[in-house]
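Here is the structure we will look at, set down as structure tokens.
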Amino acid sequence: MAYLTGQPILILKEGASRSRGREAQRSNIMAAKIISEVVKSTLGPRGMDKMLVDSLGDVTVTNDGATILDEIDVQNPAAKMMVEVAKTQDDEVGDGTTTAVVLAGELLKGAEELVEDNIHVTTIVSGYKKAQDEAMKILDDIAQPVNLDDKDTLKKAAMTALHSKNVGGARDHLATIAVDAVKQIVEERGDRLVADVDNVQIVKKIGKSVLDTKLIRGVVIDKEVVHPGMPKSIKNPKIALLNAALEVEKTEFSAEIRISDPEQMKAFLDEETKILRGMVEKVKSSGANVLLCQKGIDDVAQHFLAKEGIMAVRRIKESDMEKLVRATGGKIVTNIEGLTSKELGTAGLAEERRMGEDKMVFIEDCKNPRSVSILIRAGLERSVDEAERALNDALHVMADIVSKNRIVAGGGATEVEVAKRLRDYAVKIGGREQLAIEKFADALESVPKYLAENAGLDPIDIMVALKAAHADQKGYTIGVDVYSGKTKDMLAEGVIEPVRVKEQAVKSAVEAASMILRIDDVIAAAKPPPTPPPKGGAEGGMPPME
């Protein structure tokens, strides 16, 4: 009726925008492809770095895909979805973020070509889903089991994760630390093994070099001993973990105490001291000579603890307290009255050390700790941060192998093999979905192509050589060696990756590409008006300051 009367109907607020159909799809795909273009040059050991400068002027230099996308302030909604791909990949498996984003971008690029040929988006998404399911089966078929006691193989997997990071000659050292750390925290849950990377505490301190980074079989507390009179080092300590304040509690309600002569005042203060002395006696009688407290310790209590030769640290983070429980075998006590020798933890050494300008307390040489620490050292703050990112990737790769102890060849070998088998599978499917599955195979082949490109090699020559090698049934581990510029057996070269990383990269990429492709209408709300400048500034008539 409104159409017949010629009156327009306003549904959206004034200033809102809307794009539909091909235009909406094209703009979304373009935004996602741009994000993919940003990170593709960082792929592989010869990838380039990005320098990111935030609004405060802080500089980050890295080639870690997740960090790059996290640091850049993305506004486009489709581009934000690509950033989420990297975040999901990082949260789930800790590595392969760049691969996941590049794959998603290539899948969208292939889909765009199919849409131009009038193939419906639903058909493309259906083809991609079938290709994903088949890729999972192929990955499972070509993956090889790894023994968790085979330290050499585990170290090679960690080294592969570290090769694309700026840690120079410290790769071997950091890989050894990552393997030792994760092997220490492995635990059984039901019928499966789990390594929770959160049980590895990472402490960063500027100074010395990356080669001085070390694994501490215990916990590092970023606090100092509370009283100068306390011992600074105790061997084979008995450690009390306390989640209660060593202070006289204040009443929860308003109270007034009337004191009429000085003796009453002295008795009142003496009673406070007596309560605090009783608390310290309780700690002493339990046999503890190190007290690690999550809350405060009164000055008077500190004095009594120092007199008894007890080392004390206060206001420790809750997460560190939980790690101390796992490392020392002690139990957290929430009431000082419940502290007995049974709740105490043990270690080989409790010591306060100076690190640069700060003092830190080391609880180390624990007997079979279920939580460990890595102290990262480097000469520059940016080097420390990059070493942390590198170690984080290596630790997650180790944890992935623990949870699913199967590995595949790196260097683009796995992608080429999966692409080859997918093309054979596409012929069996037939129809329009076959074209989508073939585009999926093309997307997978972009990984070795960009690896070669970033290393300054000719991608066409490399791809021809790889396809020829993979034509043989036994050639499924042949990948590109970016250092020699030739195709080699990646398993023999020690370039290996957890199958979980590959699986998650494919799943994340397909999910993001499918979601972006299905969008045919973008309705954007009107932006709020800019806030006016505060009164009294240069625009408010105030003269500028000299």
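Under the working numbering, the first residue of the sequence shown is numbered 49, with each subsequent residue one higher. Idealized CB from N, CA, C, for every residue including glycine.
- Taking a C-beta distance under 8 angstroms as the contact criterion, Leu499 and Leu91 qualify as a contact pair.
- Here the segment 267-283 makes contact with the segment 343-357; the two share three or more CB pairs at distances below 8 angstroms.
- Note that the C-beta distance between Val87 and Met99 is not below 8 angstroms.
- Residue environment analysis places Met511 among the buried positions, since at least 16 neighbouring C-beta atoms fall within 10 angstroms of its C-beta.
- Taken in chain order, the complete alpha helix (DSSP H) segments of 4 residues or longer contained in the segment 310-379 are 310-333, 347-355, 366-376.
- A distance below 8 angstroms between beta-carbons, with the five flanking residues on each side excluded, links Arg418 to the following residues of its chain, in chain order: Gln232, Ile233, Glu235, Asn247, Arg374, Ala375.
- Per DSSP, the continuous alpha helix (DSSP H) segment holding Val131 begins and ends at 125-140.
- Rounded to the nearest angstrom, the Cβ distance from Arg94 to Asn502 is 5 angstroms, consistent with a contact under 8 angstroms.
- Counting every other CB atom within 10 Å of its CB across the protein chains shown gives Ser389 a total below 16, marking it as exposed.
- In this structure, the straight-line span from the alpha carbon of Ser75 to that of Ala519 is close to 39 angstroms.
- The Cβ-Cβ distance between Val133 and Ala442 does not fall below 8 angstroms.
- Under a 10 Å Cβ-count criterion, Arg566 is classified as exposed, with fewer than 16 other Cβ atoms of the shown protein chains found around its own Cβ.
- Sixteen is the threshold: when 16 or more other Cβ atoms of the shown chains lie within 10 Å of the Cβ of Ala79, as they do, the residue is buried.
- Looking from the CA of Lys177, the closest CA among Lys497, Ile83, Glu481, Gly527 belongs to Glu481.
- Note on geometry: alpha-carbon atoms of Asn453 and Leu397 lie some 35 angstroms from one another.
- Per DSSP, Asp260 lies in no beta strand (DSSP E) and is assigned neither H nor E.
- If you draw a straight line from the Cα of Gly404 to the Cα of Ile364, it comes to about 20 angstroms.
- Lys497: not part of any beta strand (DSSP E); member of the alpha helix (DSSP H) spanning 479-502, first to last residue.
- A straight line joining the alpha-carbon of Gly378 with that of Thr394 spans about 7 angstroms.
- The residues Gln137, Glu545, Val549, Lys550, Gln552, Ala553, in chain order, have a CB closer than 8 angstroms to that of Gly144 in the same chain once the five nearest residues on each side in sequence are set aside.
- By the criterion of a C-beta distance shorter than 7 angstroms, Val227 is surrounded in its chain by Lys199, Leu202, Lys203, Ala206, Met446, once the five residues flanking it on both sides are discounted.
- Ala516: member of the alpha helix (DSSP H) spanning 507-518, first to last residue.
- Val432 has its alpha-carbon roughly 9 angstroms from the corresponding atom of Gly255.
- In the DSSP secondary-structure assignment, Leu423 is bridged to Val251, Lys262.
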